[in-house]
Amino acid sequence: MRVHTLKRAVVALALALPGAAIATVVAAPTAHADACYTWNRNLYQGRSGSDVRELQLRLAGWAGNRDIVELDGRFGPKTAAALRRFQSAYGIKVDGIAGPQTFGKLYQIQDSDCTPQHFTWSEMDNGCGGSGWSGGPLTSSQTRQNALRTMWKLEALRKSLGEQPLIVTSGFRSRTCNIQVGGASDSQHLYGNAADLISRDRSLCQIARQARNHGFSGIIGPGVRGHNTHVHVDSRRENNQDRNANGTYWAAPDCGIPAG
Ligand code: ZN
16 MRVHTLKRAV VALALALPGA AIATVVAAPT AHADACYTWN RNLYQGRSGS DVRELQLRLA
76 GWAGNRDIVE LDGRFGPKTA AALRRFQSAY GIKVDGIAGP QTFGKLYQIQ DSDCTPQHFT
136 WSEMDNGCGG SGWSGGPLTS SQTRQNALRT MWKLEALRKS LGEQPLIVTS GFRSRTCNIQ
196 VGGASDSQHL YGNAADLISR DRSLCQIARQ ARNHGFSGII GPGVRGHNTH VHVDSRRENN
256 QDRNANGTYW AAPDCGIPAG
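Once you know that position 95 of the sequence shown is 110 in our numbering, the rest is easy, because the numbers rise by one and skip nothing.
Have a look at this one:
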């Protein structure tokens with residue numbers, strides 16, 4: 016724990032002194048520590064706690080077809096199944112136990128600001144030029160948490176699509192922004208729960224079909240008016256704040272995904 020605290024202090028120092036101290040952070044002995052979050056014990060079925068919840072957040076994209084990983088801090092069969100999918104995807108031992116190998120991989124694919132390697136806070140807060148996560152129905156902190164879960168799902172989707180870049184053309188939107196772009200009045204974008212995606216290397220239908228395996232309870236793509244130039248994915252099923260929204264709705268008729 017002391018090492019962790021020391022590292023945090025070093026990071027704080029680095030932030031206070033841009034440029035000068037960054038080399039110190041990079042050189043710090045970080046084999047078992049991470050600037051975002053560090054796990055201190057192995058996790059497996061039956062364990063519970065905030066460390067399980069931190070794991071569940073990062074496994075949210077490995078939920079399996081038409082399913083989700085609840086962030087309830089309890090390591091049950093669904094968390095174990097998601098972990099096995101993660102381990103298999105990243106080529107580490109598939110045992111359903113989060114230990115040094117799993118944590119090491121997670122440290123490797125997350126940035127010090129806690130976002131996954133290939134997605135950033137700023138691209139998810141780009142609704143109409145960045146609004147600091149405010150102006151929606153939730154607190155900015157809740158919105159930000161939802162956006163982070165969305166990014167971990169996107170990282171999993173990207174991995175399954177063969178590590179090709181996925182571009183977020185619209186993430187969180189404030190109410191003002193949502194009106195400006197003509198979004199639905201109950202849009203999941205308002206909650207930080209949604210992303211509109213394009214790719215140079217994968218077709219929209221490839222994205223829409225693959226998204227079904229990565230915890231997205233909302234998928235709207237080609238064949239739906241307004242969705243022929245991007246795929247919309249969201250986490251409406253986890254949205255406890257919007258009672259009209261929980262459940263699953265997928266529609267991309269041109270990709271063989273009927274509305275329903
Ligand atoms: Zn959308």
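Cβ atoms here follow ideal geometry from the backbone N, Cα and C, with glycine treated the same way. Because the structure is a prediction, the values reported are computed rather than measured.
For SER218, no beta strand (DSSP E) run applies, since DSSP gives it neither H nor E. The beta carbons of SER155 and GLY147 sit closer together than 8 Å. A distance criterion of 7 Å places the beta-carbon of SER185 in contact range of the ligand ZN, judged by its closest non-hydrogen atom. Here VAL196 is exposed: its Cβ has fewer than 16 other Cβ atoms, across all protein chains shown, within 10 Å.
For PRO131, DSSP records a beta bridge to GLN125.
The alpha-carbon of GLY106 is positioned some 10 Å away from that of LYS120. Placement of the Cβ of ALA209 at a distance of less than 7 Å from at least one heavy atom of the ligand ZN is found. Counted as a single uninterrupted DSSP element, the beta strand (DSSP E) harbouring VAL246 occupies residues 246 to 249. Under DSSP, GLY233 takes part in a beta bridge, and its partners are ASP249 and TYR264. Counting of Cβ neighbours within 10 angstroms places LYS174 among the buried residues, the total reaching 16 or more. Within the model, the alpha-carbon separation for ASN141 versus PRO131 is close to 17 Å.
Within a 10 Å sphere around the beta-carbon of ARG227 sit 16 or more other beta-carbons, which makes this residue buried. Looking from the CA of GLU253, the closest CA among GLU178, GLY114, ASP82 and GLN123 belongs to ASP82. With a cut-off of 8 Å on Cβ pairs, the stretch 163 to 178 is in contact with the stretch 243 to 251, counting three or more such pairs. Per the DSSP secondary-structure output, LEU74 pairs with nothing in a beta bridge. Classified as buried, ARG188 has 16 or more neighbouring CB atoms from the shown chains inside 10 Å of its CB.
With fewer than 16 neighbouring CB atoms inside 10 Å of its own CB, ASP87 falls in the exposed class. The three-state secondary structure of ALA50, taken from DSSP, is coil. Between the ligand ZN and HIS229, a heavy atom-to-CB distance of less than 7 Å is absent. If you draw a straight line from the Cα of GLY262 to the Cα of GLU178, it comes to about 29 Å. When the five nearest sequence neighbours on each side are left out, the beta carbons in the same chain lying within less than 7 Å of the beta carbon of ALA96 are those of GLY79, in order along the chain. If the five residues before and after ARG89 are omitted, its C-beta is found closer than 7 Å to the C-beta atoms of SER63 and VAL67, all from its own chain and listed in chain order.
Between CYS129 and TYR52 the beta-carbon gap is near 7 Å, inside 8 Å, which marks them as a contact.
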